[in-house]
Amino acid sequence: MSKRVVVIGGGFGGLAAALRCRKLGFDVTLLERLNMLGGRARVFEKDGYRHDAGPTVITAPFLFEELFELFGENLKDYLNFKSLDPWYRFYFHNGKTFDYRPSIEDTNNEIRKFDETFWEMAKQIPSLIKLKSYLTVSQLVNSKLKNKYLRKAFSIHPLLVGGNPFTTTSIYALIHYLERKWGVYFCMGGTGKIVRELENLMLRQGITINKETDVEQISIINGKAENVVLNNGKKIPADLVICNADPPTVYSEMLPSEYSRDSLLKPKKFTHYSMGLYVLFFGSKKKFSDVAHHTIWMSERYKELLHDIFEKKILTEDFSLYLHRPTATDDTFAPEGCDSFYVLCPVPNLQGNVQWNSEGPKLKDRIVEALDKTIMPGLKENIEAEFWMTPEDFKNDYRSKYGAGFSVAPIFSQSAWFRYHNKDKKIPNLYFSAAGSHPGAGIPGVLCSAKVIEKLIIKDFKVSH
Ligand SMILES: Cc1cc2nc3c(=O)[nH]c(=O)nc-3n(C[C@H](O)[C@H](O)[C@H](O)COP(=O)(O)OP(=O)(O)OC[C@H]3O[C@@H](n4cnc5c(N)ncnc54)[C@H](O)[C@@H]3O)c2cc1C
66 MSKRVVVIGG GFGGLAAALR CRKLGFDVTL LERLNMLGGR ARVFEKDGYR HDAGPTVITA
126 PFLFEELFEL FGENLKDYLN FKSLDPWYRF YFHNGKTFDY RPSIEDTNNE IRKFDETFWE
186 MAKQIPSLIK LKSYLTVSQL VNSKLKNKYL RKAFSIHPLL VGGNPFTTTS IYALIHYLER
246 KWGVYFCMGG TGKIVRELEN LMLRQGITIN KETDVEQISI INGKAENVVL NNGKKIPADL
306 VICNADPPTV YSEMLPSEYS RDSLLKPKKF THYSMGLYVL FFGSKKKFSD VAHHTIWMSE
366 RYKELLHDIF EKKILTEDFS LYLHRPTATD DTFAPEGCDS FYVLCPVPNL QGNVQWNSEG
426 PKLKDRIVEA LDKTIMPGLK ENIEAEFWMT PEDFKNDYRS KYGAGFSVAP IFSQSAWFRY
486 HNKDKKIPNL YFSAAGSHPG AGIPGVLCSA KVIEKLIIKD FKVSH
């Protein structure tokens, strides 16, 4: 009889792990507490506008291709990844812009606007990607670049995966390498389309998917994960359990206390969580054709603002934003003649004391006002169908500890060997395929998590493809 695998959570890490286990011949059941798959990559629809809820930048599409190839299928029969240009547009508080582009020559022209030559910068790239992990991303970038705007543009990446560039280890400068090597893509139909096609692939391969199924506990009997207990009391037996849920939540809420993570190096109270996210979704009755697909809109304050968010954990009047305009590439996200947007604003996680019920609407007004005054004149009269997520929603919907936008933070003491591992130290049949076990790595890291546990499972259960 096939071994029974239970996967807790239907984010990308759960989907990839389920498919890889199925390929090994296991009987796989995936349980997701929400009414759709995708986790942070789920999709919202409102009044004819569609919004990917989270990830929008796809940097290593081959990792998705591999999942289809496992079953002799071709991703290109289902999904179309489009290369973007510019990759990102940076908008600075004084109106200057910088387009980070796929072609080195075009990027060179952009860099010249800031009186720094490309060759000065290009010769630094090898050291940008050398793992001087004792430096922070910001220290590494500042040691190579002089211009204050370029310094911001080239150090911002950790923020996209939950870290403060001033404390995140420079290992994460590798994101530049990932982008240069593989490019920056958008999946036509959105990231949600990838989730849908992976779900179809799972169903074609006979994986059982149960939505609106909340796991309350993992029962450990004789030291092994024996079954998972749902919030309605039902038990689902398992020969091995794979957690896609946030590892700190699994250890503190879903396992008996004697199994809670005992880290000799780092007591639980010193765990650092990523910042919170306020995400504003809206449509506009007019098109803003000059707005790029991805815009990073930066406030005047940089280091100080990040300190307020990450260390002081206070909500300030100013903010920096990431603006997503999928309709720049794909018209199907909005009714004809309209645009669909989301704005991501880094905010303190719930370790701070922000009253989101009252602050949520005020922050929306401040963001709309700021965009209207700068890159989106006329937004105030044309905005419609708006709604938002706060760190409270991240906590309630994804069971993310402290409502952290990206689980634990990608700092040195929580990365590489120090991170949550892909397999529990005491429970031999409990595995993790989740962002929290690869902090700061985004979708590529999560998909790689599933590859790691596939290798572990092959060894532990003596199976092969
Ligand atoms: C706004 C935003 C923008 C981002 N942008 C990018 C980007 O552009 N590019 C990029 O690469 N990455 C990006 N990321 C990061 C990326 O989204 C994550 O790294 C990745 O989606 C995490 O996948 P996951 O499978 O680990 O977790 P999740 O997507 O969080 O999935 C975990 C799932 O487990 C479920 N779950 C939890 N507890 C239980 C339980 N007890 N029972 C059943 N189910 C449970 C949750 O409901 C959830 O569906 C972004 C993230 C956010 C929030």
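The sequence shown begins at 66 in the numbering used here and counts up by one. Don't be surprised by glycine CBs; every beta carbon is placed ideally from N, CA and C. Because the structure is a prediction, the values reported are computed rather than measured.
As computed with DSSP, E449 is found in a beta bridge with G348. In the three-state reduction of the DSSP assignment, R154 falls in the strand class. L380 sits buried, since 16 or more C-beta atoms from the chains shown fall within 10 Å of its C-beta. Taking a contact to require three or more Cβ pairs closer than 8 Å, the segment 298-312 and the segment 355-371 do not qualify as touching. A Cβ-Cβ separation of about 7 Å places K429 in contact with E451 under the 8 Å criterion.
Taking the CA atoms as reference points, N145 sits about 6 Å from C252.
Per DSSP, the beta-bridge partners of H389 are H359 and Y407. Between ligand 1 and A500, a heavy atom-to-CB distance of less than 7 Å is present. In the DSSP assignment, P223 falls within the alpha helix (DSSP H) that extends over H222 to L225. Looking at C410, P456, K516 and A357, the one whose alpha-carbon comes closest to that of F155 is A357.
In the three-state reduction of the DSSP assignment, L371 falls in the helix class, which pools H, G and I. Look at I285 here: in three-state DSSP terms it is strand. Closest by C-alpha distance to F526, out of T336, F91, G74 and G76, is F91. Just measuring C-alpha positions, the residue of V511, F163 and M66 sitting nearest D150 is F163. Boundaries for F384: no beta strand (DSSP E) harbours it, and the DSSP string shows neither H nor E there. Between the alpha carbons of H486 and P167 lies a distance of about 34 Å. Secondary structure of F91 (DSSP, three-state): coil. Rounded to the nearest angstrom, the Cβ distance from G119 to A499 is 14 Å, too far for a contact under 8 Å. Comparing C-alpha distances from I73 to each of A81, L95, L84 and T360 shows the shortest one belongs to L95. T394 places its beta carbon less than 8 Å from that of K147.
Ligand 1 never approaches Y316 closely enough for any of its heavy atoms to be under 7 Å from the residue's Cβ.
Your pair D117 and G255 checks out as a contact, with CB atoms roughly 5 Å apart and the cut at 8 Å. T232 and I240 have their C-alpha atoms some 16 Å from each other.
Rounded to whole angstroms, S317 and E323 show a C-alpha spacing of 10 Å. Distance from the CA of P442 to the CA of D355, rounded to the nearest whole angstrom, comes to 11 Å. With contacts defined as CB atoms closer than 8 Å, K350 and C403 qualify as a contacting pair. Taken atom to atom, the span from the alpha-carbon of L80 to that of F127 is near 16 Å. For E97, the shortest separation between its Cβ and any heavy atom of ligand 1 lies below 7 Å.
When DSSP reads this structure, P302 sits in a beta bridge with N292. In the structure shown, G425 falls within a helical segment according to DSSP collapsed to helix, strand and coil. Per the coordinates, the alpha-carbon of P413 lies some 11 Å from the alpha-carbon of W421. Just measuring C-alpha positions, the residue of G75, S284 and S529 sitting nearest L512 is G75. Assignment of L495 by DSSP, reduced to helix, strand and coil, places it in the strand class. Secondary structure at E138: coil, using DSSP grouped into helix, strand and coil. If the five residues before and after K161 are omitted, its C-beta is found closer than 7 Å to the C-beta atoms of Y214, all from its own chain and listed in chain order.
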